[in-house]
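S.K.:
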Amino acid sequence: MTGWEVVTAVARGAVHAARGAVAQDAARGARGVDGCTVVAVADGHGHASHFRSDVGAVLAVDAACSQGLRRLPDLLRADAERPQRAVRQVFVPLLVEHWRAAVAGHLAQQPYERPVEEPLIPYGSTLLMAAACPPWLLCLQIGDGDLLVVRPDGTSFAPVPPDAALDGRRTTSLCQADAAASIRLAVVDLRREDVALALLATDGYGNAQREDDWQPTVGADLAELAAGHGRDWFAAQLPLWAELCASGAGSGDDTSIALLLHRGVGSWTR
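Residue numbering for the sequence shown follows the numbering used here, beginning at 7 and increasing consecutively.
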């Protein structure tokens, strides 16, 4: 393992721009001093009842990165034989509680102008997170969006199990009372699985693809690109990809894309 790099991009959807709405997506990556690298994307809900979801999305990616770097290395080392159990029992509740505390802090600074029955609801957001803490790659998700792990040979897989509650109109969310129970996760053993990169994207990306089953083609393309290009090239390209997906010719929705790139693959070793 020679390390990991992160590239992120966020674009406001054409539909939001047309009505003067702010982008409700967020993305963030962070690297720790102990070799752990974390990336996250979040999609704030567009419904009127979630009128602070743009803030909720930012707080979600901040919580994922800060708590991921702070908690995961020691946690995964402490229960190396059953890392998924440790993440489920310890990290997931901490992540949700940290997001709720951040929401409470924001709300204390900016109280609602009218009574709100459930204070968390206006901040509702999805969250997708990947953390490379060798020898483990943690993948975590609540709500819709796509998380794809790509091998150097171009094959790919979705590590996180699907959510039966998603019906194309509603999504599970950090703002729900049982958010921790709705988080799906997987832990990939990097000693057994050769990984070139992980793609995380909000649903504006997937909805912009021409084919329903787009993941295999995109995975193969990304593996080929990663073999020939480094982080700077992806940093220049990713905003263009996000803008295209968010445009009227794409999904028209806010789009966040993040790549967690393994520097031991292709051009990263040259």
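Where is the CB? At the ideal position from N, CA and C, for every residue including glycine.
Could you check how far apart the C-beta atoms of ASP60 and THR208 are, in whole angstroms? I think they sit under 8 Å.
M.R.: The count along the sequence shown starts at 1 and reaches residue 60 at position 54. The count along the sequence shown starts at 1 and reaches residue 208 at position 202. Contact doesn't hold; Cβ gap of about 13 Å is too wide.
S.K.: For LEU154, is the classification buried or exposed, using 16 other Cβ atoms within 10 angstroms of its Cβ as the cut-off for buried?
M.R.: Within the sequence shown, the letter at position 148 stands for residue 154. With 16 or more other Cβ atoms within 10 Å, it is buried.
S.K.: Between THR43 and VAL12, how many whole angstroms is the CB-CB distance? I'm expecting something under 8 Å.
M.R.: The residue given as residue 43 occupies position 37 in the sequence shown. The residue given as residue 12 occupies position 6 in the sequence shown. Confirmed, Cβ separation roughly 6 Å.
S.K.: Would you tell me roughly how many angstroms separate the C-alpha atoms of LEU246 and ALA252, rounded to the nearest one?
M.R.: For this step, residue 246 is matched to residue 240 along the sequence shown. For this step, residue 252 is matched to residue 246 along the sequence shown. Straight-line Cα distance between these residues: approximately 10 Å.
S.K.: Considering just the uninterrupted stretch of the beta strand (DSSP E) at ARG190, what are its terminal residues?
M.R.: Stepping through the sequence shown from its first residue, residue 190 is reached at position 184. First-last of the beta strand (DSSP E) with ARG190: 190 to 195.
S.K.: Can you determine whether any heavy atom of the ligand ATP sits closer than 8 Å to the C-beta of GLY225, and answer yes or no?
M.R.: This structure lacks the ligand ATP; in fact it carries no ligand of any kind.
S.K.: Rounded to whole angstroms, how far is the Cβ of GLY151 from the Cβ of ASP49, which I believe are closer than 8 Å?
M.R.: For this step, residue 151 is matched to residue 145 along the sequence shown. For this step, residue 49 is matched to residue 43 along the sequence shown. Confirmed, Cβ separation roughly 6 Å.
S.K.: Whole angstroms are fine: how far does the CA of GLN221 sit from the CA of ALA46?
M.R.: For this step, residue 46 is matched to residue 40 along the sequence shown. For this step, residue 221 is matched to residue 215 along the sequence shown. C-alpha separation (whole angstroms): 19 Å.
S.K.: Just list the alpha helix (DSSP H) runs in the region 40 to 125, keeping only unbroken ones of 4 residues or longer that don't cross its boundaries, in chain order.
M.R.: Counting only runs of 4 or more, we get 59 to 84, 89 to 92 and 98 to 115.
S.K.: Could you tell me how far apart the beta carbons of LEU65 and ALA137 are, in whole angstroms, since I believe they sit closer than 8 Å?
M.R.: In the sequence shown, residue 65 corresponds to position 59, counting from 1. In the sequence shown, residue 137 corresponds to position 131, counting from 1. Between ALA137 and LEU65 the Cβ distance is about 18 Å, and since that is not below 8 Å, they are no contact.
S.K.: Do PRO167 and ALA186 have their C-beta atoms closer together than 9 Å?
M.R.: Here the question's residue 167 lines up with position 161 in the sequence shown. Here the question's residue 186 lines up with position 180 in the sequence shown. Not a contact, by the Cβ cut-off of 9 Å.
S.K.: When burial is assigned at 16 or more other CB atoms within 10 Å of the CB, is VAL201 buried or exposed?
M.R.: On the sequence shown, position 195 is the one that residue 201 refers to. VAL201 should be labelled buried.
S.K.: List the residues that DSSP assigns as beta-bridge partners of SER262.
M.R.: If you number the sequence shown from 1, residue 262 lands on position 256. VAL16.
S.K.: Could you check whether the region 12 to 30 touches the region 256 to 269, counting it as contact only if at least three pairs of C-beta atoms, one from each stretch, sit closer than 8 Å?
M.R.: Touching, per the Cβ criterion.
S.K.: Look at the Cβ atom of VAL109, then the Cβ atom of PRO125, and state whether they are nearer than 9 Å.
M.R.: For the purposes of this step, residue 109 is taken as residue 103 along the sequence shown, with counting starting at 1. For the purposes of this step, residue 125 is taken as residue 119 along the sequence shown, with counting starting at 1. Yes; because the gap between Cβ atoms is below 9 Å, this pair is in contact.
S.K.: Under 9 Å between the Cβ atoms of ARG106 and LEU75?
M.R.: Residue numbering aside, residue 106 sits at position 100 when the sequence shown is read from its first letter. Residue numbering aside, residue 75 sits at position 69 when the sequence shown is read from its first letter. No. Outside cutoff.
S.K.: Where do the N-terminal and C-terminal ends of the beta strand (DSSP E) with TRP142 fall, by residue?
M.R.: By one-based count along the sequence shown, residue 142 stands at place 136. Taken as a continuous stretch (DSSP letters only), the beta strand (DSSP E) holding TRP142 covers 142 to 148.
S.K.: What does a CB cutoff of less than 6 Å around PRO128 pick up in its chain, not counting 5 residues either side in sequence?
M.R.: On the sequence shown, residue 128 is found 122 positions in, with the first residue counted as 1. Answer for PRO128: HIS56, PHE57 and ARG58, listed in chain order.
S.K.: Taking just the CA atoms, how far does VAL194 sit from LEU143?
M.R.: Counted from its first residue, the sequence shown places residue 143 at position 137. Counted from its first residue, the sequence shown places residue 194 at position 188. When rounded, the distance between both Cα atoms is 5 Å.
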